[in-house]
Structures are given as structure tokens and as C-alpha cells.
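Number of protein chains: 2
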Amino acid sequence: MASTSTQLSLSPSLKQPIHLSSLQNPNFLHPHSLFSHPTNHFPKISSLSTPLRSPICANSSQLMDPFSAKTQPGTPTTVNVDLGDRSYPIYIGSGLLNKPELLQRHVHGKKVLIVTNTTVAPLYLDKVVEALTSGNPNVSVESVILPDGEQYKDMDTLMKVFDKAIESRLDRRCTFVALGGGVIGDMCGFAAAAFLRGVNFIQIPTTVMAQVDSSVGGKTGINHPLGKNLIGAFYQPQCVLIDTDTLNTLPERELASGFAEVIKYGLIRDAEFFEWQEKNMQALMARDPNALAYAIKRSCENKAEVVSLDEREGGIRATLNLGHTFGHAIETSVGYGKWLHGEAVAAGTVMAVDMSYRLGWIDDSIVKRVNDILKQAKLPIVPPEIVTVDMFKSVMAVDKKVADGLLRLILLKGSLGSCVFTGDYDRKALDDTLHAFCKS
Amino acid sequence: MASTSTQLSLSPSLKQPIHLSSLQNPNFLHPHSLFSHPTNHFPKISSLSTPLRSPICANSSQLMDPFSAKTQPGTPTTVNVDLGDRSYPIYIGSGLLNKPELLQRHVHGKKVLIVTNTTVAPLYLDKVVEALTSGNPNVSVESVILPDGEQYKDMDTLMKVFDKAIESRLDRRCTFVALGGGVIGDMCGFAAAAFLRGVNFIQIPTTVMAQVDSSVGGKTGINHPLGKNLIGAFYQPQCVLIDTDTLNTLPERELASGFAEVIKYGLIRDAEFFEWQEKNMQALMARDPNALAYAIKRSCENKAEVVSLDEREGGIRATLNLGHTFGHAIETSVGYGKWLHGEAVAAGTVMAVDMSYRLGWIDDSIVKRVNDILKQAKLPIVPPEIVTVDMFKSVMAVDKKVADGLLRLILLKGSLGSCVFTGDYDRKALDDTLHAFCKS
Chain S
1 MASTSTQLSL
11 SPSLKQPIHL
21 SSLQNPNFLH
31 PHSLFSHPTN
41 HFPKISSLST
51 PLRSPICANS
61 SQLMDPFSAK
71 TQPGTPTTVN
81 VDLGDRSYPI
91 YIGSGLLNKP
101 ELLQRHVHGK
111 KVLIVTNTTV
121 APLYLDKVVE
131 ALTSGNPNVS
141 VESVILPDGE
151 QYKDMDTLMK
161 VFDKAIESRL
171 DRRCTFVALG
181 GGVIGDMCGF
191 AAAAFLRGVN
201 FIQIPTTVMA
211 QVDSSVGGKT
221 GINHPLGKNL
231 IGAFYQPQCV
241 LIDTDTLNTL
251 PERELASGFA
261 EVIKYGLIRD
271 AEFFEWQEKN
281 MQALMARDPN
291 ALAYAIKRSC
301 ENKAEVVSLD
311 EREGGIRATL
321 NLGHTFGHAI
331 ETSVGYGKWL
341 HGEAVAAGTV
351 MAVDMSYRLG
361 WIDDSIVKRV
371 NDILKQAKLP
381 IVPPEIVTVD
391 MFKSVMAVDK
401 KVADGLLRLI
411 LLKGSLGSCV
421 FTGDYDRKAL
431 DDTLHAFCKS
Chain U
1 MASTSTQLSL
11 SPSLKQPIHL
21 SSLQNPNFLH
31 PHSLFSHPTN
41 HFPKISSLST
51 PLRSPICANS
61 SQLMDPFSAK
71 TQPGTPTTVN
81 VDLGDRSYPI
91 YIGSGLLNKP
101 ELLQRHVHGK
111 KVLIVTNTTV
121 APLYLDKVVE
131 ALTSGNPNVS
141 VESVILPDGE
151 QYKDMDTLMK
161 VFDKAIESRL
171 DRRCTFVALG
181 GGVIGDMCGF
191 AAAAFLRGVN
201 FIQIPTTVMA
211 QVDSSVGGKT
221 GINHPLGKNL
231 IGAFYQPQCV
241 LIDTDTLNTL
251 PERELASGFA
261 EVIKYGLIRD
271 AEFFEWQEKN
281 MQALMARDPN
291 ALAYAIKRSC
301 ENKAEVVSLD
311 EREGGIRATL
321 NLGHTFGHAI
331 ETSVGYGKWL
341 HGEAVAAGTV
351 MAVDMSYRLG
361 WIDDSIVKRV
371 NDILKQAKLP
381 IVPPEIVTVD
391 MFKSVMAVDK
401 KVADGLLRLI
411 LLKGSLGSCV
421 FTGDYDRKAL
431 DDTLHAFCKS
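Line by line, the protein sequences give chains S and U. Residue numbers are given in the UniProt record's numbering: position 152 of the first sequence equals residue 152, and the series is strictly consecutive. Residue numbers are given in the UniProt record's numbering: position 160 of the second sequence equals residue 160, and the series is strictly consecutive.
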């Protein structure tokens, strides 16, 4: 990948080989993209001028040997999400489900509804019930066990949560607990937002995906047959409790799926974290507890900062969706649940990076590093063959980041760890990326 | 009704005749109700110590001859709902739908979705489309026409709004417009709250019920088979536009239904307004434009004040539900749509007033005046015969005002225009009221 004339082998399905020399020709760019008026350019974290509550100041020695994440079992590391009167803590650590007081201090009222699924319930439901009720006889706990999978993140399944809540006579002073992955967290959170116009809830994420991303920040919702997460609410939990021991039972494919989001944080705003990942991906894949704890903590710190700056996604928060617009199109096109969210995001990230490169906004070394780290994580770097250009375009047209008909995308720009959220890009680059990655 | 030994004929279905003498015996009261610790006692409006933005200072001459509500066609009276950055105006007047600039200044984005029903669409849809697009060619307007009736305020019907919004490729910078009565406003508002996690919306209420109550204050939602409004959101509109001309096409039963809420404002906090209603109910029933405009304006002022003080119903806002807990039980028990909301609230108000009287909290003159004014408005003063005590208890157990298992009610206490929101009352009084009004 040293020579600019080297053919870039991004994907086996690449129809139009890209010659770097042509991409680096400024004439390739639409003039508008050089004067990016409606573009939000977000600096990487080290140059953020806003004072941050939980500054990330890891140096490379910390990065290589993340002692800072080592904790005694049951002693959490805490990351705060700073949102004024909606602020809340994220507790991260081993054995936290054995610490009832941690959970109980965030329970409101005397009734709790645990929302979980058929996979997680046999593993952790009893443990969570025990944590909620131990030494706390006044609390009654109900649970609703949903089918497992993104294909069930729909209105029919959501109604089962409302049915259970109403049958259990839950009132406004109750607490919903989401026990599971991202689908459970999103559905339980939206149910909590809408039940009696809003009740308290707690997130207990049990997948990497949920621990590093979806449980933090208050985005809740369900899918519509025509698109992902089109119905939902911004609604913050009382706390997020991450017991890293729950990852011991996570299937490998789910584990890798979560790393797609970990990699995202590095790419959009935290180059040092990306470098740490490049060196520690094997340890992460081998479930090294310290490596996992560090990756989760640092991911939560990144997410908490972004959410604190922009809770309702007016600007910088959108950057957390790197690769997601392409990824959502993949998930919607192949049918929910066939590809895991992180798998679709991984392929989508490669596509966003490819497009950034076609626009001349990043150099080829970043393209290569993204492909390499995703391969290390055993994640796909191309979309499934059945997804066509038209399918991409059709789903992307209803993406939440469309504004007045203009699709805005998160694209990398500049050195590693910098990105933009913009609708001001050459449409040809998007077309070229789609055609390069699709067979038809 | 002068003598304390007179039998009170509240209802033809009264099984246990109430002798006022026994009710006025303080031994009838549970001791707790005399020392109301968890009771919120809300003074009538004239003694509110909080500075109010739109003070109601009508004197009796204004009340009898409401010139203040007379406006030139197309010139609105404005009532502001003061909620910080979520504040918005309520425009009230004749011919306002002929003033495109009023509506257009609150439209965000280039796409509008009008949510209306099969009854209202033939009457006003074209007019609203014209108001939105006149001199404004950049705006495209879609509409979704739902079946009419409380029985359609459900998840299946709500999904039709999402379907239409997604098919129409609406993005976050769009505006939903609710054109219709309370059901349409509640559903459109909740759809706006949840679509893409929140888009702008405008209320154009076309019934008295919606104009004086449901369109103002941001309560949105749908019913569940087991209870009313159990799923929803607090979500404020950009503005409420009340064209009083739309009442010209309102069926009489709907007209009367709305007056149940007008009467409510008088009872809970505005004795002068209640006195005005007693003198002007015939004019209201005859649709005298000035009387209607005054009743709507004064109702909106009352509602706006209460909502400004307590947006999310932590306390005083709950008082707006006088009669509603009983009323919701009626609606749920007989099946949504069979009784109009205001009809159920009217009977529910009589029951709440009866219970207040049994507790010794109000004197018999108020009981009589409530019965009299509801009769003048041709509203029911007893629940339907098929509703049993057990049906009441079953539905009331899942009321949103239950907290930790305790049902809190809005009850009148003291002179006309004063009420309390409390769970601290003698359970026997509630039982006695239910048995007095139910055949079984």
C-alpha cells in the first residue's frame, strides 16, 4: 500500500478497482466539498476545547498495559454521563451483580419489571432478581422474557412489555430493568419512556455491543419494517451497570460484533485508543479480562463525553454513527437478525472509509488500518452480495440523518481520529462506493 | 336542598340514599382524612402565590358579558404556555384557518404530515392544506386519514401514522399537524414524539374537548385494552391554533362533552368561571360565538397556568383530572368510543363530588350546583348501569395516579373552586360512592 498506483483491494466484490492516483487528483472532487459550509468538522479528542468531566488522558504506556482498568471484583470503575438533572453513572467491573447495594440504590418504588430475553434469562435472571431483592423484602420483581434477536425489535414485541407492566399493576413509581443486549436495552428503554408517559429504568447490558454503546446515552426505540430505530425516544436510564463477567457466556460472533463499535470510537475521535486496539485486538478476542475492561471503560468515556455535549444529536453525537447509515441499510435489506448489528456496522465502516478516501479526505494508510483491524476482529469488510445499490439507496433515503431531503453522512477527514458529519460531499463518491461494494 | 335532613337525589341508580345529617357527622370520617399529610391542597386561583404570566382577573361584569373574547375574524387572542424553551402560543379566534401566516410561522422543514380522521377530513383538510401551502410552494403536504373514534386510539392505528411518515420519506426536519379532536391530537402528538425520536408538531383542535383541554399541555398517547392513555409521552407542540369556526360543524353531543372539561376548571380552581358558566350554559349550548370564545380562552388560560407550574404532573397538574379516574373506568368498562370522554368525565365528576361530600369536605350546595350545571349541559350524571363496583375497582387499580399501590384522587375540599389531590381519604367513602352509583 506504499505506492499511489497500487490497486486497493478493499473487497472481493469490488467492481471498479480504485487507482489511488486518480483519487488523489483534486479534480476528482466536487468543488463544494472543498468549501464545506454545512459540514461539522469534529476535532479528535486531544484538541477538544470544551472542558470535559472525565478527560481521557491515557498515554501509550497506559494503553499497552491498561492497569487503570484493573479492579477488585465487586469494586466498580465509574464513568459519569453528565446531563444536568438527567446525569447518571455507568458502573463497570467484575462481579458487580453480586453487589445488591449498587443496583438497589437506583431502584425507585416498590415494583420492578425486568425485561430480558430467552437467551439471557436462563443465565442471569435469577442473579439479577437476587441482587434486587437481597435484604430488600419490600420490592416485588416481575419479569418479561422476549424472544431473542433484532427481528423481534418491533411493535408487537414491545406491546408484550406494556401488557406485562399493566397486568402487574405497575404504577409511575416503578423501575424497568433492561437485562440483555442492545435490542433488549433499546426496547426496554422505549417501553420505560412511554409507559404511563415515563417511568424509571436501569440498564444491565450483557453484550459488548450494549456495554460499549447502546446502553449509554438514552437512545431507545424499535425498528419499522422499512428502517431501523425509526420509532423511539431519547430517554436516559438511572444507571448503567456493566458486570464484565457476563461476557464469559457471550458467543464469539456477538463478542466481535461489539468490537465494531469499539473500533468506531478510535476512528472518529480517539486515535490513541485505536492504536491501543491495533496492539490488543488479539487479547480482546481472547477475552482477556483486563483488556475487555479497559476497552469498555474507554468506550464508555468516549460515548459519555459525546452524549454530554450533544444529548439529542444536534451535531457531534451523529458522529457515533460512523458506518451506521450503510450498516442500517445492510441490516434492513438482508432482514433484521441475519447480520448482527456490529457486523453490518463493520462493513458499513469500510464503505464510509472508502468514500472518505474517494473524496480525498484521508490517506490510504487509514483505509488499510481499518480493513486490517476489522479482519483481526473477524468482522466482515464487505456487505452481503444480495444487497444492491438500489437497496442501499432506498433504505438510506429514510435514514434519520436525512434533513430536508439531504443525506448527511459521517466520514473520516484528516488524520486518524478525525471525522466530519456532513451533507456536503460529491454525490459521485457515494455512488462510486455503492457500485464498488455491490454486485448490482 | 336547604335542610340537612333532605335526601340527596344524586342519581336514579342510588342504592343507598344518603342522609346529609349522617354525612356531616365528623365521626363518619376516618381520622387520617382530618390530618392530610400526603395531601396536596391547591388553593383556588385568586389565592395562588406564584406569579402568573397570564393572570385571570375577570370580574363579574366581564364574566357576564365577555367582550374580552370578542375578536375580529382572523385576529387571534393569544394565550401563552410558559415552559421555558418549550413555551408555545395558543391562538384562539374566528377565521384563523384563513390566515396562512399564523400556521406557516410554526412549520419546520419542507414536509408536513397532517393527521386527521374520516369525519374531519372532508370538512377541513383542504382548508388546512391551503393554509400551509398558500404562498409557500416549497412545502409539500401529506395526510393520513384515520378512522374516527376513541376505539381507534390504539397501537395499530398509530402504526398507520408511522407507515405514512416513512413512506413519505419524512425526515427529522418535518412537521406533524394534528387536525381533529382529542383522539387525533393525542395520537398525532405521540407519533411526533416517537417518530425518529421526535419531530415538531402543531395542534389544530376542532372539538371543544380538544380546544379547551387535550390540545394544550403536551400530554400525548394511546389507550391499552386494559386502560386509557397508558402508553404515551409528554411532548409539547409548536403552537395550538384554535379556529372557533370549526365548532359550527360539531355534533351537539360532542359539544356538550367538551363542556365537561370547561366545568372542571371552574370546580378545581376558578369559582368565578364556574359562576359565569352557570349563567351562560344556555348560550354555550346554543353556540353563541362570544360565549364559546370566552369559555375556550378562559379554559386555556387555566390549563396553561397549571401546565406551566407542573409540566410533568408532579402535583397540581393532576387536579386537571377531576372526575377522570372514575370517568376512565367508565370508558374502559363500556368499551372505548361508546361514551364520549366528556360524558364519562361528567358522570365521574358527580362521583368525585359525591365522595368529597361523603368525606365532609364540601357542603351540599356544591353537590347540587354540579348536578345542575351538568344537566343544563345535557351531560350524564350517573355511570351506565352495566358498570359494576368491581369493574370500577379493576380499572382504577391501573390508573396512572396510583403510587406504590395507593390510588390518589382529585376531590373537592372547602369552598367552590378548591380541590385536593390525595391518597389520604377514608376508603369507606370511596366504597360508598361506588356502591351508591352502581347497581352491582
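For glycine and all other residues, C-beta sits at the position ideal for the given N, C-alpha and C.
Alpha carbon of residue i to alpha carbon of residue j, nearest angstrom
i, j, result
"Gln203 (chain S)", "Lys338 (chain S)", "25 Å"
"Leu430 (chain S)", "Ala329 (chain S)", "14 Å"
"Arg408 (chain U)", "Gln376 (chain U)", "30 Å"
"Lys378 (chain S)", "Ala256 (chain S)", "7 Å"
"Phe259 (chain U)", "Met209 (chain U)", "7 Å"
"Glu142 (chain S)", "Glu275 (chain U)", "50 Å"
"residue 444 (chain U)", "Ala131 (chain U)", "This structure leaves residue 444 (chain U) out entirely; chain U is present only between 1 and 440."
"Phe190 (chain S)", "Met187 (chain U)", "17 Å"
"Arg173 (chain U)", "Pro289 (chain S)", "44 Å"
"Val350 (chain U)", "Thr388 (chain U)", "16 Å"
"Leu155 (chain U)", "Ile231 (chain U)", "Reading off the sequence, residue 155 (chain U) comes out as Met, not Leu. If you take the alpha carbons of Met155 (chain U) and Ile231 (chain U), they lie about 9 Å apart."
"Ser215 (chain S)", "Thr246 (chain S)", "15 Å"
"Asp270 (chain S)", "Leu179 (chain S)", "29 Å"
"Phe195 (chain U)", "Ile114 (chain S)", "26 Å"
"Glu385 (chain U)", "Phe326 (chain U)", "14 Å"
"Ala293 (chain U)", "Val81 (chain S)", "48 Å"
"Leu250 (chain S)", "Ala318 (chain S)", "28 Å"
Buried or exposed (CB count within 10 angstroms, at least 16 for buried), residue i
i, result
"Gln236 (chain U)", "buried"
"Thr332 (chain U)", "buried"
"Lys228 (chain S)", "buried"
"Asp390 (chain S)", "exposed"
"Asp85 (chain U)", "exposed"
"Ala286 (chain S)", "exposed"
"Glu167 (chain S)", "exposed"
"Pro383 (chain U)", "buried"
"Pro73 (chain S)", "exposed"
Minimum Cβ-Cβ distance from residue i to chain U less than 8 Å
i, result
"Gly323 (chain S)", "no"
"Lys400 (chain S)", "yes"
"Asp186 (chain S)", "no"
"Lys110 (chain S)", "yes"
"Ala397 (chain S)", "yes"
"Leu52 (chain S)", "Unreliable positioning characterises Leu52 (chain S) in this predicted model, as indicated by a pLDDT of 34, which lies under 50. A coordinate reading is not provided."
"Met209 (chain S)", "no"
"Gly423 (chain S)", "no"
"Asp148 (chain S)", "no"
"Ala429 (chain S)", "no"
"Arg172 (chain S)", "yes"
Interface partners of residue i on chain U, CB under 8 Å
i, result
"Leu230 (chain S)", "Phe162, Ile166, Phe195 and Leu196"
"Gly221 (chain S)", "Ala194 and Arg197"
"Met159 (chain S)", "Met155"
Where residue i meets chain S, residues with beta-carbon distance less than 7 Å
i, result
"Leu226 (chain U)", "Ile166"
"Gly181 (chain U)", "Simply none; closest approach about 20 Å."
Cutoff 8 Å: residue i Cβ touching any chain S Cβ
i, result
"Gly266 (chain U)", "no"
"Ala318 (chain U)", "no"
"Arg169 (chain U)", "yes"
"Asp404 (chain U)", "yes"
When the options are compared against residue i, the one with the closest alpha-carbon
i, options, result
"Ala165 (chain S)", "U:Leu412, U:Asn98, U:Lys400 and U:Leu96", "U:Lys400"
"Gly181 (chain S)", "S:Leu196, S:Gly93, S:Ala121 and S:Asp432", "S:Ala121"
"residue 443 (chain U)", "U:Thr206, U:Thr207, U:Gly348 and U:Phe201", "Shown here, chain U extends from 1 to 440; a query on residue 443 (chain U) therefore has no answer."
"Asp213 (chain U)", "U:Ala192, U:Leu97 and U:Ile90", "U:Ile90"
"Arg197 (chain S)", "U:Asn321, U:Gln211, U:Leu309 and U:Gly218", "U:Gly218"
"Gln238 (chain U)", "U:Gly423, U:Arg105 and U:Val398", "U:Arg105"
"Leu125 (chain U)", "U:Leu83, U:Pro205 and U:Gly93", "U:Pro205"
Neighbour list for residue i in chain S, Cβ cutoff strictly below 9 Å
i, result
"Asp426 (chain U)", "In chain order: nothing, as chain S lies at least about 21 Å away."
Closer than 7 Å: residue i CB and nearest the ligand ADP heavy atom
i, result
"Gly314 (chain S)", "No copy of the ligand ADP appears in this structure; indeed no ligand is present at all."
Contacts that residue i makes with chain S (C-beta to C-beta distance below 8 Å)
i, result
"Phe234 (chain U)", "Arg197 and Gly198"
Chain B within 8 Å of residue i, Cβ atoms only
i, result
"Ala178 (chain S)", "The question asks about chain B, but that chain is absent: this structure's protein chains are S and U."
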